[in-house]
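Take a look at the structure below.
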Amino acid sequence: MILDIVSPITPITPITPKPPQNDSKTTPKCLKITPKQRFLLYETTLKYIQKIKNWNSYLLKSVRDNQSLFEEKQ
8 MILDIVSPIT
18 PITPITPKPP
28 QNDSKTTPKC
38 LKITPKQRFL
48 LYETTLKYIQ
58 KIKNWNSYLL
68 KSVRDNQSLF
78 EEKQ
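Okay, so the sequence shown: first residue is 8 according to my numbering, each after it adds one.
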């Protein structure tokens, strides 16, 4: 006895996440930055970049010094 089982073939569709629904009351339409705020942000960013560069050069120098000390001991 042969049983023919016919099942409908449904294509597998990937589940795509939906973007979050923005509530206009809580989310501003656009972020407005005044020219003064933009300038202050720019200045602060440059200041921190300079601090990072200084710190980086200090670390490189200390690594080189330690390396030379280590090489002298050997």
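All residues carry an ideal CB built from backbone N, CA and C; glycine is no exception.
#1: By Cβ distance, which residues of its chain are closer than 8 angstroms to Ser64, with the 5 residues on each side in sequence left out?
#2: With DSSP as the reference, label Thr52 as helix, strand or coil.
#3: Rounded to whole angstroms, what's the CA-CA distance from Leu76 to Gln44? Just pull it up for me.
#4: According to DSSP, is Lys39 helix, strand or coil?
Taking the geometry as given:
#1: none
#2: helix
#3: 48 angstroms
#4: coil
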